[in-house]
Amino acid sequence: MGDLTCFNGAVILAGDNLDAVRGKALIIQEGRIVEIGDAPAGARLVDLSGMLLCPAFVNAHTHVGDTGAKELGIGLPLTRAVDPPEGLKHVFLQKVTGTESHLAMMRHGLGEMQRNGTAAVADFREGGLAGVRALRKAAEGMPIRVVALGRISEGGSGEAAYGEACALLEEADGIGFRDVEAIPEGLAARLKRACPSKIFAAHAGEDLTCERRSQAVTGKGQAGRLADWGPDFLVHLVHTSARELKVLAEHGIRGVACPRSNGVLGDGLPRLAGWVQQGLRFGLGTDNVMFNSPDLFREMDYASRMTRGVEGDSTAIDSRLILQAATIEGARALRLDADLGSLAPGKEATFLAIDLNRPNLTYQQDVISALVHRASPADIASMYVRGERVNG
Ligand SMILES: [Zn+2]
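Residue numbering for the sequence shown follows our numbering, beginning at 3 and increasing consecutively.
What follows is the structure, encoded as structure tokens:
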């Protein structure tokens, strides 16, 4: 066994509940947390006085493939900005796919995420198996963990679609379906039965027109239709009814909110207070890099403020719940919670050391609220992944 290292002097946000613990050390061995307690004699000490130790973030929804198209399509509605085949995003992707510069763009996006305090990311990667391979290549050697959720080509049906999906799942961590309409009848349920260790997710309830059409044609919203086969998580749920949110919660399906993306695209806003009311557990995602900086500090801040503002109630959502969405709930959605998402014995020592003495955070009186509503990547003094310092 390796030697013990003790990070002491810091305030530690401990466990899934993110309880602020003072006067104890984060004790690690071989990159994993042994305990949060008193430093034993002889252990290597790392002084982190003045720091707040927070589990590194888990970004539950991104599209890193459009990193090279920042601000392209601002001011356009969803359909014209991102939908295939003519949305600006797909025109851009067609141009760059397969090139070295596209790999460099994706690597750049992942680097930004890491510098913003992200330990793991679930990317809805376009472009089938080749797209997943390109993402893997872009991420090579980086400390950020990439959960690659690939996409199958649209318009296929039956055995051809099943064969393509199975080949994709040989290398991808799962599938991120663009939309319920893009999934051939019965395919998702069949894949889930055949590959239970893979993650299945989809966009749902993002666009009001599509949601109304789904209700009119099938009698169900998009989320309600997807709930039948049990995906791991659904992204957006802006226009999903309270009844269907409850169905998701009852099926153990998680939500992933991307409120900044929904805001800028004029989709509407996810009613997070309603999600909580219906018992829906959720993570946070920054969605397309083309519209949103891949920065969960900004996402948390926006999620909290828009919820309180929209509900007209300053108690409409708890800051702790927002921070949990960016950490442990994201880790659970991505099935990474044995390693990531909270600081607890047995998990990876993967955390952010936030400098509470930076001018921005000096005089803060509530560390959770300060992280959600005030902190930015500039307040990260260093990031540790499995006990090793990677940033700062
Ligand atoms: Zn998306």
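Beta carbons are placed, not taken as given, at the ideal position from N, Cα and C, and that holds for glycine.
- The beta carbons of phenylalanine 293 and leucine 267 sit closer together than 9 Å.
- One residue after another in chain order, those with a Cβ under 6 Å from a heavy atom of ligand 1 are His63, His65, Phe126, His205, Val237 and Asp289.
- Nearest to arginine 300 by C-alpha distance, out of Leu271, Arg262, Glu331 and Asp320, is Arg262.
- Taking the Cα of glycine 207 as reference, the smallest distance to any Cα among Val240, Gly176, Lys222 and Leu131 is reached at Val240.
- Membership of serine 384 in the beta strand (DSSP E) is indicated by the continuous run 382-387.
- Approximately 17 Å separates the beta-carbon atoms of alanine 305 and glutamine 280; this is outside 8 Å, ruling out the contact.
- Restricting attention to Ile330, Leu95, Gly389 and Val374, the CA atom closest to the CA of valine 60 is found in Ile330.
- DSSP places asparagine 118 outside both helix and strand once states are collapsed to three, so it counts as coil.
- Between the alpha carbons of histidine 92 and alanine 83 lies a gap of roughly 9 Å.
- Boundaries of the beta strand (DSSP E) harbouring glycine 176: 176-179, taken from the DSSP string.
- In this structure the region 27-45 does not touch the region 174-182; the number of beta carbon pairs closer than 8 Å is below three.
- Taking the CA atoms as reference points, cysteine 8 sits about 8 Å from aspartate 49.
- Counted as a single uninterrupted DSSP element, the beta strand (DSSP E) harbouring aspartate 49 occupies residues 46-49.
- In the displayed model, valine 93 falls within a helix according to three-state DSSP.
- Annotation note: the region 111-169 contains the following uninterrupted alpha helix (DSSP H) runs of length 4 or greater, listed N- to C-terminal: 130-141.
- In this structure, the CA atom of glycine 129 is about 6 Å from the CA atom of arginine 153.
- In the three-state reduction of the DSSP assignment, arginine 262 falls in the helix class.
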